[in-house]
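> Protein sequence lines, in the order shown, are assigned to chains A and B.
Our numbering applies: residue -8 is where the first sequence begins, and numbers increase by one.
Our numbering applies: residue -8 is where the second sequence begins, and numbers increase by one.
There's a structure below that I have some questions on.
2 protein chains.
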Amino acid sequence: MRSALFIPELRELMAARDHETIREVFADLHPADGAEVVSGLEPHEMLDILAIIGNRTSIEMFEHLDLPVQKACLEKADPKAILPFIEGMSSDDRVDLIKEVEPEIADRLMPLMAQAERDDIRRLLAYEEGTAGAIMTTEYASVDKDITGAEALNRLRTQAPNKETVYYVYVVDQDRRLKGFVTLKDILLARPIQTIEEIMEEDVISVSIDENVEEVADRISHYDFLAIPVIDHDQRLVGIVTVDDILDVVEEEATEDIYHLAAAGRPLDYLHTGIFKIARERILWLFILVLTGFVAGAVMQKFQSQLTAVIALVFFIPVLSGTGGNAGTQTTTVIIRGLATGELEMTDVFRILFKEIRIALLVGLAMGILTAFRAVLTSPDPKLIIPLSLTVGLAMVGCVVLAISAGVMLPVFFKKIGLDPALMSGPFISSLMDVFTLLLYLSLAAAILPL
Amino acid sequence: MRSALFIPELRELMAARDHETIREVFADLHPADGAEVVSGLEPHEMLDILAIIGNRTSIEMFEHLDLPVQKACLEKADPKAILPFIEGMSSDDRVDLIKEVEPEIADRLMPLMAQAERDDIRRLLAYEEGTAGAIMTTEYASVDKDITGAEALNRLRTQAPNKETVYYVYVVDQDRRLKGFVTLKDILLARPIQTIEEIMEEDVISVSIDENVEEVADRISHYDFLAIPVIDHDQRLVGIVTVDDILDVVEEEATEDIYHLAAAGRPLDYLHTGIFKIARERILWLFILVLTGFVAGAVMQKFQSQLTAVIALVFFIPVLSGTGGNAGTQTTTVIIRGLATGELEMTDVFRILFKEIRIALLVGLAMGILTAFRAVLTSPDPKLIIPLSLTVGLAMVGCVVLAISAGVMLPVFFKKIGLDPALMSGPFISSLMDVFTLLLYLSLAAAILPL
Chain A
-8 MRSALFIPEL
2 RELMAARDHE
12 TIREVFADLH
22 PADGAEVVSG
32 LEPHEMLDIL
42 AIIGNRTSIE
52 MFEHLDLPVQ
62 KACLEKADPK
72 AILPFIEGMS
82 SDDRVDLIKE
92 VEPEIADRLM
102 PLMAQAERDD
112 IRRLLAYEEG
122 TAGAIMTTEY
132 ASVDKDITGA
142 EALNRLRTQA
152 PNKETVYYVY
162 VVDQDRRLKG
172 FVTLKDILLA
182 RPIQTIEEIM
192 EEDVISVSID
202 ENVEEVADRI
212 SHYDFLAIPV
222 IDHDQRLVGI
232 VTVDDILDVV
242 EEEATEDIYH
252 LAAAGRPLDY
262 LHTGIFKIAR
272 ERILWLFILV
282 LTGFVAGAVM
292 QKFQSQLTAV
302 IALVFFIPVL
312 SGTGGNAGTQ
322 TTTVIIRGLA
332 TGELEMTDVF
342 RILFKEIRIA
352 LLVGLAMGIL
362 TAFRAVLTSP
372 DPKLIIPLSL
382 TVGLAMVGCV
392 VLAISAGVML
402 PVFFKKIGLD
412 PALMSGPFIS
422 SLMDVFTLLL
432 YLSLAAAILP
442 L
Chain B
-8 MRSALFIPEL
2 RELMAARDHE
12 TIREVFADLH
22 PADGAEVVSG
32 LEPHEMLDIL
42 AIIGNRTSIE
52 MFEHLDLPVQ
62 KACLEKADPK
72 AILPFIEGMS
82 SDDRVDLIKE
92 VEPEIADRLM
102 PLMAQAERDD
112 IRRLLAYEEG
122 TAGAIMTTEY
132 ASVDKDITGA
142 EALNRLRTQA
152 PNKETVYYVY
162 VVDQDRRLKG
172 FVTLKDILLA
182 RPIQTIEEIM
192 EEDVISVSID
202 ENVEEVADRI
212 SHYDFLAIPV
222 IDHDQRLVGI
232 VTVDDILDVV
242 EEEATEDIYH
252 LAAAGRPLDY
262 LHTGIFKIAR
272 ERILWLFILV
282 LTGFVAGAVM
292 QKFQSQLTAV
302 IALVFFIPVL
312 SGTGGNAGTQ
322 TTTVIIRGLA
332 TGELEMTDVF
342 RILFKEIRIA
352 LLVGLAMGIL
362 TAFRAVLTSP
372 DPKLIIPLSL
382 TVGLAMVGCV
392 VLAISAGVML
402 PVFFKKIGLD
412 PALMSGPFIS
422 SLMDVFTLLL
432 YLSLAAAILP
442 L
């Protein structure tokens, strides 16, 4: 929005070569907003603007660009011209970008960088997607344990410009083993002659390099940390994960869960992904669901004689299978989200099931009475009023209880066998319930109706 | 988990009056973990343990307890004994707790507090749920613009113990109007004789007191802030919102969206809420969905003669309405989540619709061919093979295109008229699609089949 307004003006200023005004405009903007503004330009224009702005601001702006935009810039730019931006990025964002671009482009860029940075990139590239290693930055502040608080403040002054945060400071020994942790606040509050060893916390809460990002997010959120140290298998400090990256992780994880719950496949970059790729994500699940739909059809075929004898039975199929599906969707969603946020634990499962069955009886009874009443009004033949409404009402209670029980048990079972419980999506449970609802309903019809 | 292991040991230590060991156990734990451990005890035991631990640790532990546990403690405790915990809490958490407990309990507690704290609570209580005012804390660090960096460091030393964060420091004038902002890092990097005015950022990015928490979360996340200042309508600084609270907000908002998408009502504290209240949340939506189910039934009744003539038509109802519902659910979910995270904008809507229709044709064609093939196998009469599979295949393509279009347009329409697009849930779209799928399918049958 904001971006669209600025674009024509920016292009005018560029055409007039009024670099002074361009610099003033961006000096007044936060780099995050500056990045949003230039995102509306073509990559080569963006690179020109960044070159005009120069200094630290342009590097921060580049870092705030969305990954696809950074990628487009990198593909268009002269490697030498783009180098300062790549070198100025924090190490986690830099690796995310290198992962995105074509290998040729990375290969042209890498030799231009300093040895230390090349090593850093290679090391970070090796960590598996979705682990602490893949989202950590190597730019943490650290001090020795033997120096005083006053000396530590001086060290931090020299480290500050290049570190992701100086508010959390880690204490390591010669082998980079993590020995302690102090906050800048602790240092500030200590007497200047106290050593770091005296004020540091020795039991440092950390995450392991190959731990899942969800676990990292849980821990940062549980302790209200600004950052958490990442250690390798030899207890060596290898990086930190900061809370701003965790905010993104929490949002991405929620998106992933939401997509799973809707059987919509994996989240893709919607506006930049082709229709075949998007269709492929969705079709896999639809295909499975179509097959369960065929099974539901086969169930009906089996009860063909009942359906032909009393066609009114057919009229209640949408409401029965719809309500079963919806009640199951509601329940599976509550359970899956509860397990994901830690509100519910696997140990609570029987308590939850017992509670849900009581809820199911309440809900089923209310819906059953409503549907039975509707059957009274629909019945084609006075003789059929009682058996038809009894069949429909009982089927409704049964299918709600069945759906809600499945909504509890299926995600729990998935979690138990080590799969993502969110794969037990609403659509999947709905389709499964179609089959069981029809079986129950038509069996009841066969037993109760005078055919 | 961890909690369950400790409980018997803790009770033994309490019985043996071994206060020394209890203090040692909790001295080794982070207050967040200590809180988790004692959460397994009864409220009166918890209060005893906190009294034994004493000092700052017990207050921090109390603050880390879940709200329902804090509430239970407050209801059981002697007001005088619990006072230090309430006074020691940060102002935002304290108000959350006061909101939870019965008015009588708050009335007993309030007179015991200092005037300033009572006023603070009353002021915070007045802000509407879901706004910046309701989640902010009033404990921010502030300095005058005329002092030097070195003096500011000294001021912060005295403020630090009582402030939510000292890493972000706000500059206010005599009327508390927000004039600037410095980070502790800026102060550290400045020459000691530079004044705050010289180093502060004057364009402070803030939120207004009545702004929505989602907006606050977006801004903190956009700028990678650790905290954001909250100002009233006269530009006066009234509080700050910190990133750790925003992590909770992002998670809660995602939960709310997930519940809406499943038509599961509002999120409730599952384990502590009665079944009638849970059932009520779910029944409202089920009731609406049952009514659309009746409409679907009425559509079938209208086409009764076709259904009776070719009962095989009935066998394809589950797969058609299921696929329509699922394709609609997938699409509405992608759109709603995209709008919520800002990946998609309302201005993109026609581009999205055009893309989705092409996806729908791809998906519909694949599913249509599959279903038509199945109809060839099912057809009861060789004469019917071609018309039946044509009807079923065309209906499938049509219902997928219809469902996907509805999945784009309905949430966009909801957002346009100012309602939460997430109310356009998967179940609702599925139920709606039941009606339209049946209309389309049975109209096609009436036109194509030789009846």
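We put the beta carbon where it would ideally sit given N, CA and C, even for glycine.
As the structure is a prediction and not an experimental result, all values here were calculated from the model.
Please report the straight-line C-alpha distance between B:Arg349 and B:Pro378, rounded to a whole angstrom.
Taking the second sequence and counting its residues from 1, one reaches residue 349 of chain B at position 358. Taking the second sequence and counting its residues from 1, one reaches residue 378 of chain B at position 387. Each residue's alpha carbon lies about 26 Å from the other.
> If distances are taken between C-alpha atoms only, which option among B:Gly256, B:Glu27, B:Val198, B:Gly79 comes closest to B:Trp276?
Translated into positions along the second sequence, residue 276 of chain B becomes position 285. Nearest option by C-alpha distance: B:Gly256.
> Check for me: the beta strand (DSSP E) holding B:Pro220 runs from which residue to which?
Translated into positions along the second sequence, residue 220 of chain B becomes position 229. B:Pro220 -> beta strand (DSSP E) spans 218 to 222.
> In this structure, how does DSSP classify A:Tyr118 when only helix, strand and coil are distinguished?
The residue labelled residue 118 of chain A in the question sits at position 127 within the first sequence. Reduced to three states, the DSSP call for A:Tyr118 is coil.
> Mind listing which residues of the region 336 to 347 of chain B have their C-beta closer than 9 Å to chain A's C-betas, in chain order?
For the region 336 to 347 of chain B, which is checked against every Cβ of chain A, the residues closer than 9 Å are Glu336, Thr338, Asp339, Arg342, Ile343, Lys346, Glu347.
> Of all the options B:Val426, B:Met358, B:Gln61, B:Asp260, which has the alpha carbon lying nearest to the alpha carbon of B:Ile96?
Stepping through the second sequence from its first residue, residue 96 of chain B is reached at position 105. Checking every option, the nearest Cα to that of B:Ile96 belongs to B:Gln61.
> Can you find the residues in the same chain that come closer than 7 Å, C-beta to C-beta, to B:Ser421, ignoring five residues on each side of it along the sequence?
As a first step, residue 421 of chain B must be located in the second sequence, where it is residue number 430. Answer for B:Ser421: Gly316, Gly319, Thr320, listed in chain order.
> Between the region 99 to 109 of chain A and the region 67 to 75 of chain A, are three or more C-beta pairs nearer than 8 Å?
Short answer: they touch.
> Taking B:Asn317 as the query, report the chain A residues whose CB atoms sit under 8 Å from its CB, ordered along the chain.
Reading the second sequence from its first residue, position 326 is the one you call residue 317 of chain B. In chain order: Ala254, Trp276, Leu277, Leu280, Pro418, Ser421, Ser422.
> Can you name the residues of chain B whose CB is closer than 7 Å to the CB of A:Met5?
As a first step, residue 5 of chain A must be located in the first sequence, where it is residue number 14. Residues of chain B passing the Cβ test: none, with the nearest at roughly 24 Å.
> Return the first residue and the last residue of the beta strand (DSSP E) that A:Tyr161 is part of.
Numbered from its first residue, the first sequence carries residue 161 of chain A at position 170. Here the beta strand (DSSP E) through A:Tyr161 covers 156 to 163.
> If you pair each beta-carbon of the region 285 to 295 of chain A with each one of the region 264 to 284 of chain B, do three or more pairs fall below 8 Å?
Touching, no.
> Under 7 Å, Cβ to Cβ, is there at least one residue of chain A near B:Gly121?
On the second sequence, position 130 is the one that residue 121 of chain B refers to. No, its Cβ sits nowhere closer than 7 Å to a Cβ of chain A.
> Tell me whether the region 44 to 58 of chain A and the region 73 to 88 of chain A touch, counting them as touching only if at least three CB pairs, one residue from each stretch, are closer than 8 Å.
At 8 Å Cβ cutoff, the stretches touch.
> Can you check whether the C-beta of A:Ser212 is within less than 7 Å of a C-beta belonging to chain B?
Within the first sequence, numbered from 1, the residue matching residue 212 of chain A stands at position 221. Chain B, which has a Cβ nearer than 7 Å to the Cβ of A:Ser212, makes this yes.
> Taking the beta carbon of A:His446 as the centre, do at least 16 other beta carbons fall within 10 Å, making it buried, or is it exposed?
Beyond the ends of chain A as shown, which are -8 and 442, falls residue 446 of chain A; an answer cannot be given.
> Please name the residue in B:Leu356, B:Met337, B:Met358 whose C-alpha comes closest to that of B:Met400.
By one-based count along the second sequence, residue 400 of chain B stands at place 409. Minimum Cα distance to B:Met400 is reached at B:Met337.
> At least one CB of chain B closer than 7 Å to the CB of A:Ile(-2): is that the case?
Looking up residue -2 of chain A in the first sequence gives position 7. Not an interface residue.
> What is the residue span of the beta strand (DSSP E) that B:Ala132 lies within?
Against the second sequence, residue 132 of chain B aligns to sequence position 141. Its beta strand (DSSP E) spans residues 131 to 134.
> Can at least three beta-carbon pairs, one atom from the region 366 to 374 of chain A and one from the region 297 to 314 of chain A, be found at a separation below 8 Å?
Result yes; three or more Cβ-Cβ pairs closer than 8 Å.
> Inspect the beta-carbon positions of A:Tyr158 and A:Tyr131 and report whether they are closer than 7 Å.
For the purposes of this step, residue 158 of chain A is identified with residue 167 of the first sequence, where counting begins at 1. For the purposes of this step, residue 131 of chain A is identified with residue 140 of the first sequence, where counting begins at 1. In this structure, A:Tyr131 does not lie closer than 7 Å to A:Tyr158 by Cβ.
> From B:Val207 to B:Leu356, what does the alpha carbon distance come to, in whole angstroms?
In the second sequence, counting from the first residue as 1, residue 207 of chain B sits at position 216. In the second sequence, counting from the first residue as 1, residue 356 of chain B sits at position 365. About 44 Å.
> Report the three-state DSSP secondary structure of B:Val240 (helix, strand or coil).
Reading the second sequence from its first residue, position 249 is the one you call residue 240 of chain B. Helix.
> Distance cutoff 7 Å, beta carbons only. Does B:Pro378 sit that close to anything in chain A?
Start at 1 with the first residue of the second sequence, and residue 378 of chain B comes out as number 387. By this cut-off, B:Pro378 is not an interface position.
> Looking at C-alpha atoms only, which residue of B:Lys90, B:Arg14, B:Val173, B:Ile219 is the closest neighbour of B:Ala123?
As a position in the second sequence, residue 123 of chain B is number 132, starting the count at 1. Comparing Cα-Cα distances from B:Ala123 to each of B:Lys90, B:Arg14, B:Val173, B:Ile219, the minimum goes to B:Ile219.
> Please check if any C-beta of chain A sits within less than 7 Å of the C-beta of B:Leu433.
Walking along the second sequence from the start, residue 433 of chain B turns up at place 442. By this cut-off, B:Leu433 is not an interface position.
> For the 8 Å Cβ check, are there 3 or more pairs between the region 232 to 246 of chain A and the region 132 to 143 of chain A?
Short answer: they don't touch.
> Please state whether DSSP places A:Leu252 in a helix, a strand or coil.
Taking the first residue of the first sequence as 1, we reach residue 252 of chain A at position 261. Helix at A:Leu252.
> From B:Lys374 to A:Phe405, what distance separates their C-alpha atoms?
On the second sequence, position 383 is the one that residue 374 of chain B refers to. On the first sequence, position 414 is the one that residue 405 of chain A refers to. For B:Lys374 and A:Phe405, the distance between alpha carbons rounds to 46 Å.
> Just to check my reading of the structure: A:Gly446 and B:Gly417 have Cβ atoms closer than 8 Å, yes? What is that Cβ distance to the nearest angstrom?
Here chain A covers residues -8 to 442 and nothing more, so residue 446 of chain A does not appear.
> Identify whether A:Thr264 lies in helix, strand or coil by the three-state DSSP scheme.
To locate residue 264 of chain A, count along the first sequence from 1; it is residue 273. A:Thr264 falls in the coil class under three-state DSSP.
> Going by CA-CA distance only, name the one from B:Ala63, B:Ile231, B:Leu88 that's closest to B:Met127.
Residue 127 of chain B sits at position 136 when you count from the first residue of the second sequence. Per the Cα distances, B:Ile231.
> Quick check on the burial criterion: 16 or more other C-beta atoms within 10 angstroms. Buried or exposed for B:Gly251?
Along the second sequence, read from residue 1 onward, the residue named residue 251 of chain B stands at position 260. At residue 251 of chain B the sequence reads His, which differs from the Gly that was named. It is buried - the Cβ of B:His251 has at least 16 other Cβ atoms within 10 Å.
> List, in chain order, every chain A residue whose beta-carbon is nearer than 8 Å to that of B:Val234.
Along the second sequence, one-based indexing puts residue 234 of chain B at 243. Here the neighbours are Leu217, Val234, Asp235, Leu238.
> In whole angstroms, what is the alpha-carbon distance linking A:Thr428 and B:Ile279?
Here residue 428 of chain A refers to the residue found at position 437 when the first sequence is read from its first residue. Here residue 279 of chain B refers to the residue found at position 288 when the second sequence is read from its first residue. If you take the alpha carbons of A:Thr428 and B:Ile279, they lie about 20 Å apart.
> Given a limit of 7 Å on CB to CB distance, which residues of the region 299 to 311 of chain A reach chain B?
Taking 7 Å as the Cβ-Cβ cut-off against chain B, the residues of the region 299 to 311 of chain A that qualify are Thr299, Ile302, Val305, Phe306, Phe307, Ile308, Pro309, Val310.
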